[in-house]
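One structure is given here, and the rest of the page talks about it.
Numbering (my numbering), first residue to last: 675 to 904.
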């Protein structure tokens with residue numbers, strides 16, 4: 675029920691605040707309070723719990739960031755060639771803390787996109803632009819509201835399309851694996867593992883190419899829809 679523009683401002687400010695190193699409140703306490711607030715808003719909005727699993731990729735990115743932050747590699751050529759590797763628990767914990775903040779900010783974004791209509795957001799942005807143009811006349815000539823609405827609406831679109839592409843790709847791989855394994859007389863599991871190791875990069879590049887093509891198509895469709903509403 676809150677104005678979409680106000681929700682967007684809250685999302686930007688709160689997501690930025692939890693990443694600040696120096697605030698008026700302890701960073702760990704701020705993160706805990708932010709996560710509790712996100713949980714409260716999530717259940718108040720009555721969003722299905724299964725939608726949290728849409729953030730599993732972001733959880734993986736957070737752990738990956740913590741891993742790379744905690745491990746250091748160095749190469750020395752003098753007096754002799756040495757390849758050094760060290761592990762820092764403190765930096766690893768700092769990376770996990772950053773990853774959890776990243777997940778919390780993404781949690782707020784999930785709530786925002788699930789409770790906000792893109793058409794209502796566009797109307798709110800247009801209203802805000804008209805009010806600002808009274809003080810900054812040049813804003814009347816810039817399609818700022820349309821650009822912001824198009825950009826924001828694309829964020830959940832990326833995850834939605836990627837999920838659809840992955841499902842279609844997995845279904846196709848399973849079907850092709852079964853046919854080829856049966857034709858060559860291999861056990862399905864063994865052949866599937868062999869095929870995956872050989873073609874995983876090619877499959878990923880094909881999936882990514884499909885994602886870019888679909889995003890460009892959706893961008894044109896959304897642009898036309900936004901221009902028609904303007």
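Each residue gets a CB set at the ideal place from its N, CA and C atoms; glycine is no exception. Everything numeric in this text was worked out from a predicted model, so none of it was measured.
Can you name, in chain order, every residue of its own chain whose Cβ lies under 8 Å from the Cβ of residue 825, other than the five neighbours on each side?
Reading the chain shown from its first residue, position 151 is the one you call residue 825. So no residue of the chain qualifies.
Suppose you measure from the CA of residue 746 to the CA of residue 763; what does that come to, to the nearest Å?
Against the chain shown, residue 746 aligns to sequence position 72. Against the chain shown, residue 763 aligns to sequence position 89. One C-alpha to the other measures close to 11 Å.
Return the chain-ordered list of same chain residues with a C-beta closer than 8 Å to the C-beta of residue 885, the five sequence neighbours on each side being excluded.
Reading the chain shown from its first residue, position 211 is the one you call residue 885. Around residue 885: 832, 835, 836, 839.
Nearest to residue 776 by alpha carbon, out of 889, 689, 804, 681?
Your numbering for residue 776 matches position 102 in the chain shown. The candidate whose alpha carbon is nearest that of residue 776 is 689.
Considering only their Cβ atoms, is the gap separating residue 769 from residue 804 smaller than 7 Å?
Start at 1 with the first residue of the chain shown, and residue 804 comes out as number 130. Start at 1 with the first residue of the chain shown, and residue 769 comes out as number 95. No.
The stretch 710-728 contacting the stretch 781-796, beta-carbon criterion three pairs below 8 Å:
yes
Bridge partners for residue 746 per DSSP, in chain order?
As a first step, residue 746 is located in the chain shown; it is residue number 72 there, counting from the start. Looking at the DSSP assignment, residue 746 forms a beta bridge with 760.
Does residue 846 come out as helix, strand or coil in the three-state DSSP assignment?
For the purposes of this step, residue 846 is taken as the residue at position 172 of the chain shown. Residue 846 falls in the helix class under three-state DSSP.
Can you tell me which of the three DSSP states residue 882 falls into?
Counted from its first residue, the chain shown places residue 882 at position 208. Residue state, collapsed to three classes: helix.
Between which two residues does the alpha helix (DSSP H) holding residue 678 run?
Along the chain shown, read from residue 1 onward, the residue named residue 678 stands at position 4. Taken as a continuous stretch (DSSP letters only), the alpha helix (DSSP H) holding residue 678 covers 678-691.
Return the residue from the list 682, 844, 899 that minimises the CA-CA distance to residue 790.
The sequence position of residue 790 within the chain shown is 116, counting from 1. For residue 790, the nearest C-alpha among the options comes from 682.
Report the CB separation of residue 798 from residue 678 in whole angstroms; it is logged as a contact under 8 Å.
For this step, residue 798 is matched to residue 124 along the chain shown. For this step, residue 678 is matched to residue 4 along the chain shown. Correct: roughly 4 Å between the Cβ atoms.
Whose C-alpha, out of 725, 771, 841, is nearest the C-alpha of residue 736?
Translated into positions along the chain shown, residue 736 becomes position 62. Of the candidates 725, 771, 841, the one whose C-alpha sits nearest the C-alpha of residue 736 is 771.
Where do the ends of the alpha helix (DSSP H) carrying residue 711 lie?
In the chain shown, the residue the question calls residue 711 occupies position 37. Unbroken alpha helix (DSSP H) run through residue 711: 701-718.
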